[in-house]
Amino acid sequence: MATANTNLSYYDKDTIPNGSDFSFGIVVSEWNPKITGGLLKGAKDTLIENGVKEENIHIHWLPGTFELPLGAQTLFENTDVDGQIAIGSVIQGETKHFDFVCDAVTQGLTDVNLTYNKPVVFCVLTDNNMQQAIDRSGGKHGNKGIECAIAAIKMVDFQRRLRE
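With positions in the sequence shown counted from 1, the corresponding number in the working numbering is that position plus 3.
Have a look at this one:
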């Protein structure tokens, strides 16, 4: 397991760009709300901790993880956010539904990244069971939302620096 010996909440605060001039959209799945709510809290708190103004964080709840790519696309089409974090949780069940949702969301978010040339950070947990999701959304492995917020800040900064 990739996160077995990793704390998803750790980052070196001295290496993170100041996000005071950045704006972010966060699209969040309503499905598995205990998990996605934990991820959202980690992401939002981390953005604010690194200078992003609360009024520059635009949160939108969507019915499920499958809807995240369309939500991200719609947000880019109708706002001027610099980047996004797509938050979802898909837990393996007894059917192939897990595989179809995971594949579609991964490809869909990749397409939105490349179509709009703006970062959409993949904060979608794809776990085998609920305990793994709990462990990665604020539990013993930390919070993937924190890791994704840092990635979003770094990607927006990266693009801005190269465009200057």
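Here a beta-carbon is modelled for each residue, glycine too, at the ideal position from N, C-alpha and C.
Please read these numbers as outputs of a predicted model, since none were measured by experiment.
Query: Residue environment, histidine 144, which counts as buried when at least 16 other CB atoms sit within 10 Å; Result: buried
Query: Distance, proline 72 Cα to serine 32 Cα; Result: 11 Å
Query: Residue of Gly91, Lys47, Asp106 and Asp138 minimising C-alpha distance to threonine 9; Result: Asp138
Query: Ordered list of beta strand (DSSP E) runs contained in the region 119-150, each at least 3 residues; Result: 123-130 and 140-142
Query: Distance between valine 108 and proline 20 (C-alpha atoms, nearest Å); Result: 28 Å
Query: Unbroken alpha helix (DSSP H) run spanning phenylalanine 79, endpoints; Result: 71-81
Query: Alpha-carbon spacing of leucine 78 relative to leucine 50, whole angstroms; Result: 18 Å
Query: N-terminal and C-terminal residue of the alpha helix (DSSP H) that valine 40 is part of; Result: A small fix is needed here, since residue 40 is glycine in this sequence, not valine. Run containing glycine 40: 36-52, per the alpha helix (DSSP H) assignment.
Query: C-alpha distance - serine 26 paired with asparagine 132, whole-angstrom precision; Result: 33 Å
Query: CA nearest to the CA of aspartate 130, picked from Ser140, Val123, Leu117 and Pro122; Result: Ser140
Query: Backbone secondary structure at leucine 117 - three-state DSSP; Result: helix
Query: Beta-bridge partners of valine 93, as assigned by DSSP; Result: Thr129
Query: Whole-number beta carbon distance between isoleucine 60 and isoleucine 90, since they are thought to touch under 8 Å; Result: The pair is not a contact, with the Cβ atoms about 13 Å apart (cut-off 8 Å).
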